[in-house]
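See below for the structure under consideration.
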Amino acid sequence: MIHPCTSVSPQMDVGQAKHWENQSTVNEFILLGYQEYPAILFIAFLAIYMAILLGNGLIVMVTTLDPALHTPMYFFLRSLSGLEMCYTSVTLPKMMANLISGNLSISLLACASQMFFLLFLGGTECFLLAAMAYDRYLAICLPLRYMTIMSHKVRVGMVVSSFAISLPVQMLQIGFIFSLPFCGPNEIDHFFCDIPPILSLACADLYASELTVYTNNFLFVIIPFFLILASYIHITRTILHLPSATGRQKAFSTCSSHLTVVILFYGSATVVYLRPKTPDSVKVDKLLSLLYTVIIPLCNPLIYTLRNREVKVALMKLLCRKRAFEVGRG
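Residue numbers (our numbering): 30 to 359.
Here's what the structure looks like:
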């Protein structure tokens, strides 16, 4: 997820500058995270993490092993599920380690690495969701040309491009952010290294870094969102012009799962980062951040299996094959 940066004063007066000069350079941060009931939270997050890996891993396996699911739509779904497993693995293991060990520190390098992978994978997911919307547009609006346009080479290129666009831009942004001096304090009231709390600890002019963040938001949030919006405008027009109610229902069902994920993904970002800030914003934002780092990756397999007959049939085939293999061995 790419996040709008909270505003931090870009200028410091002479007194502030002298104050920061007298402070020691920060070489680690303290992730305050969630400190109450650490044992209970550790067990809960461990169970959630295992469920995320199992659910998304099953989708990757089923869409790979079942020839009936070797279509463009399931190719993108497989890519999304793999991405979600990586995205969650950037934050949850560190948070669980902090809970069980009581050691809340994270080095400057580890913090930069965590933020980079969050931004890199989040930016990739934004463009991947746009690619999935375009795939649904072709399938519904141009069905006769769908397989010709969305060839294997094209869909692989779209996924690779999503990663390739995100990589250099996020490296540049991380370079800007972590080239800033951090003089203290070093406590972050969050469970991972996010842009707003990190920038709030910098003791320098933030203009260049904030400009980079805003540019990044435009490239990885606004542009993919409008591409998704344009695809669904065309999809809606096509569905409304279908002559039969059955045809309209079938067409809508093919894109309802993706639309649900888009609403959750962009909706959670809007709630967390674009709502008016209050004195309690830090605590509320920390809680709501669980939406896009934990809840959405957890819900994705449920959304795509409960609402998709083909995936459910493929899962049943896989289970039956496993049971037959076990019986044969017995």
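Positions of the beta carbon are idealized from the N, C-alpha and C atoms, including for glycine. All values derive from a computational prediction rather than experimental measurement.
Quick one: what's got a C-beta closer than 6 Å to V55's C-beta in the same chain, skipping five residues either side?
-> F211, G213 and N215
Scan the region 39–117 and note each continuous alpha helix (DSSP H) run of 4 residues or more that stays entirely inside, going in chain order.
-> 43–50 and 67–94
Which of helix, strand or coil DSSP assigns to V37 = Because V37 sits at a pLDDT of 41, beneath the cut-off of 50, its placement in the model cannot be relied upon, and the point is left open.
Leaving out five residues on either side along the sequence, give the residues of the same chain with a beta carbon under 6 Å from the beta carbon of I129.
-> F71
Would you say the region 75–86 touches the region 312–330, given that touching needs at least three Cβ pairs under 8 Å?
-> yes
What does a CB cutoff of less than 6 Å around Y163 pick up in its chain, not counting 5 residues either side in sequence?
-> Annotation for Y163: S260 place their beta carbon closer than 6 Å to its own, counting only its chain and skipping 5 residues before and after.
Identify whether F211 lies in helix, strand or coil by the three-state DSSP scheme.
-> strand
DSSP bridge partner residues for E216 (one or two, in chain order) | I59
So the alpha helix (DSSP H) S134 belongs to, where does it begin and stop?
-> In the DSSP assignment, S134 falls outside any alpha helix (DSSP H) and lies within the beta strand (DSSP E) extending over S134 to S136.
Range covered by the alpha helix (DSSP H) that runs through L271 = Boundaries for L271: no alpha helix (DSSP H) harbours it, and the DSSP string shows neither H nor E there.
8 Å CB neighbourhood of I169 in its chain, flanking five on each side removed = I264, T267, I268, A280, T283 and C284
Closest Cα partner of E339 within the set E57, M102, Y78 and G296 = M102
Per DSSP, which residues does A231 bridge with? Please list them.
-> F211
Determine the extent of the alpha helix (DSSP H) in which Y321 is found, giving its start and end residues.
-> Element bounds for Y321: n/a, residue is neither H nor E.
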